[in-house]
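Numbering (the numbering used here), first residue to last: 255 to 514.
All C-beta atoms in this analysis are idealised placements derived from N, C-alpha and C, irrespective of residue type, glycine included.
Shown next, in structure tokens, is the structure this report addresses.
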Amino acid sequence: MRRHEKRPCQAVNVKRLMILLPVLNEAEGLEAVLRTIPIESIEERGWTSDIVIVDGNSTDLSREIGLAAGCNVLIQPNHGKGEAVRFGFNYAIKNKYDALVMFDADQTYDPNDMLAMLDEPYQGGVIVGNRLNSSMTNDAMSPTNWVGNHLLTWSAVLLHGLEIHDVCSGYWFFHRNALLRMNLNSIDFEIEAEMYAQCAISGIPLSNIPVSYGARLGEAKLGSLRDGSSILRKLLIRKLFPKPVEEELGQGKLAFYSNN
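So this is what it looks like as structure tokens:
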């Protein structure tokens with residue numbers, strides 16, 4: 255595997271991009287994902303990048319694959335995708351990255367789609383990859399999940415008023431200014447809905463671009479009804495309580511507030 259080693263910066267104004275991959279037992283697809291991250295094309299656009307894997311205590315070889323590829327591998331202290339994302343956000347802020355892009359490491363998303371996000375005019379906000387009206391393989395999503403994703407997206411816009419085309423997408427890009435305004439406490443798969451709600455609450459610019467989406471490798475971790483209910487609940491709670499309340503924190507010890 256080609257190692258993702260840091261290259262010396264030759265331009266004075268090179269910006270720093272953190273590529274965040276939340277991982278839990280993704281050994282089956284992780285190596286292929288890392289191979290297809292377009293490092294050279296990112297550099298051609300004036301960015302230097304670091305791949306940061308946040309591992310949710312995988313029991314397979316996910317951690318070893320990431321380390322062998324030269325990635326920064328962080329072990330999250332608790333479980334859940336929301337915990338992993340917030341842990342990664344905190345790391346990006348502390349290490350002063352100019353932007354962050356995140357997507358799932360199960361081969362459902364194409365890493366090359368981040369190039370379109372980097373090419374978007376700078377607004378200091380958030381870009382969301384839309385799976386629902388773009389290139390999706392026939393086996394990528396069940397009819398039930400397809401309908402559920404549309405209903406949750408429609409509910410999100412109805413509640414919060416900010417246009418989004420795919421509220422459950424796992425492909426997000428944040429400029430640093432937007433990252434600093436994220437006030438989150440989600441523990442699991444409701445994290446994307448809360449990121450969207452925070453954009454609406456804080457007036458963070460949000461744009462949508464199409465991304466491709468394929469069938470995942472490995473066992474699916476997102477359940478239709480239970481997780482859909484949690485996502486809708488999070489959208490409702492953040493409408494009623496624009497700032498996360500203490501009762502919602504639970505085990506979410508990584509919620510953070512930053513003014514820097």
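Exercise for the section: Inspect the beta-carbon positions of residue 456 and residue 488 and report whether they are closer than 8 angstroms. Expected result: For this step, residue 456 is matched to residue 202 along the sequence shown. For this step, residue 488 is matched to residue 234 along the sequence shown. Result no, Cβ atoms of residue 456 and residue 488 do not sit closer than 8 angstroms.
Problem - Inter-stretch contact at 8 angstroms, needing at least 3 Cβ pairs: the region 412-428 / the region 365-382 - result: yes
Problem - Expected contact under 8 angstroms - CB spacing of residue 391 and residue 469 to nearest Å - result: Your numbering for residue 391 matches position 137 in the sequence shown. Your numbering for residue 469 matches position 215 in the sequence shown. That belief holds up - the Cβ atoms of residue 391 and residue 469 are roughly 6 angstroms apart, short of 8 angstroms.
Practice task
Go to residue 315, then tell me how far its beta strand (DSSP E) extends in each direction, as first and last residue.
Solution key: Against the sequence shown, residue 315 aligns to sequence position 61. First-last for residue 315: undefined, no H or E at that position.
Practice task
Could you check which residue in 297, 432 and 324 has the C-alpha nearest to that of residue 369?
Solution key: For the purposes of this step, residue 369 is taken as the residue at position 115 of the sequence shown. The shortest C-alpha separation from residue 369 is found at 297.
Practice task
Going by DSSP, name the residue or residues bridged to residue 461.
Solution key: Numbered from its first residue, the sequence shown carries residue 461 at position 207. Residue 461 is bridged to 381.
Practice task
Please specify which runs of the alpha helix (DSSP H), each continuous and at least 4 residues long, are wholly inside the region 312-356, giving them in chain order.
Solution key: 316-322 and 335-348
Practice task
Using the DSSP secondary-structure output, state which residues sit across from residue 429 in a beta bridge.
Solution key: Taking the first residue of the sequence shown as position 1, residue 429 is located at position 175. Looking at the DSSP assignment, residue 429 forms a beta bridge with 353.
Problem - residue 303 - partner residues in DSSP beta bridges - result: Taking the first residue of the sequence shown as 1, we reach residue 303 at position 49. 271.
Problem - Residue burial classification, residue 492 (beta-carbon count within 10 angstroms, cutoff 16) - result: As a working note, residue 492 is residue 238 in the sequence shown. So residue 492 counts as buried.
Handout entry: From 461, 310 and 337, residue whose alpha carbon lies closest to that of residue 437
Key = As a first step, residue 437 is located in the sequence shown; it is residue number 183 there, counting from the start. Ranking the options by Cα distance to residue 437, first place goes to 337.
Practice task
Measure the C-alpha to C-alpha separation of residue 365 and residue 459 and round it to an integer number of angstroms.
Solution key: Position 111 of the sequence shown, counted from the first residue, corresponds to residue 365. Position 205 of the sequence shown, counted from the first residue, corresponds to residue 459. Answer to the nearest angstrom: the Cα atoms are 23 angstroms apart.
Practice task
Measure from the alpha carbon of residue 490 to the alpha carbon of each residue in 454, 464 and 461, then state which is nearest.
Solution key: Taking the sequence shown and counting its residues from 1, one reaches residue 490 at position 236. Selected option, being the one with the closest Cα: 454.
Practice task
Work out the CA separation of residue 361 and residue 287 for me, nearest whole Å.
Solution key: As a working mapping, residue 287 is identified with position 33 in the sequence shown. As a working mapping, residue 361 is identified with position 107 in the sequence shown. Going by the C-alpha atoms only, they are around 6 angstroms apart.
Handout entry: Opening and closing residue of the alpha helix (DSSP H) in which residue 404 lies
Key = Mapped onto the sequence shown, residue 404 falls at position 150. It spans 397-414 - the alpha helix (DSSP H) in which residue 404 sits, taken as one unbroken run.
Practice task
Go through its chain and collect everything with a Cβ distance to residue 486's Cβ below 7 angstroms, but skip five positions before and after it.
Solution key: Locating residue 486 in the sequence shown gives position 232, counting from the first residue. Excluding residues within five positions, the ones whose Cβ falls inside 7 angstroms are 406 and 409.
Exercise for the section: Report the residue from 356, 279 and 341 whose alpha carbon sits nearest the alpha carbon of residue 291. Expected result: Against the sequence shown, residue 291 aligns to sequence position 37. If we check each option's Cα against that of residue 291, 356 comes out closest.
Practice task
Given a cut-off of 8 angstroms, decide if residue 376 and residue 272 are closer than it, judged by their beta-carbon atoms.
Solution key: For the purposes of this step, residue 272 is identified with residue 18 of the sequence shown, where counting begins at 1. For the purposes of this step, residue 376 is identified with residue 122 of the sequence shown, where counting begins at 1. Result no, Cβ atoms of residue 272 and residue 376 do not sit closer than 8 angstroms.
Exercise for the section: Could you tell me how far apart the beta carbons of residue 346 and residue 429 are, in whole angstroms, since I believe they sit closer than 8 angstroms? Expected result: Mapped onto the sequence shown, residue 346 falls at position 92. Mapped onto the sequence shown, residue 429 falls at position 175. That belief does not hold up - the Cβ atoms of residue 346 and residue 429 are roughly 11 angstroms apart, past 8 angstroms.
Exercise for the section: Ignore the nearest five residues each way along the sequence and tell me which others in residue 269's own chain have a CB closer than 8 angstroms to its CB. Expected result: Locating residue 269 in the sequence shown gives position 15, counting from the first residue. Result list for residue 269: 300, 301, 302, 352 and 353, in chain order.
Exercise for the section: Look at the alpha carbon of residue 265 and the alpha carbon of residue 393, and state the distance between them as a whole number of angstroms. Expected result: Here the question's residue 265 lines up with position 11 in the sequence shown. Here the question's residue 393 lines up with position 139 in the sequence shown. Annotation note: pLDDT 45 at residue 265 (below 50); position unreliable, coordinate value reported separately. Those two C-alpha atoms are separated by around 43 angstroms.
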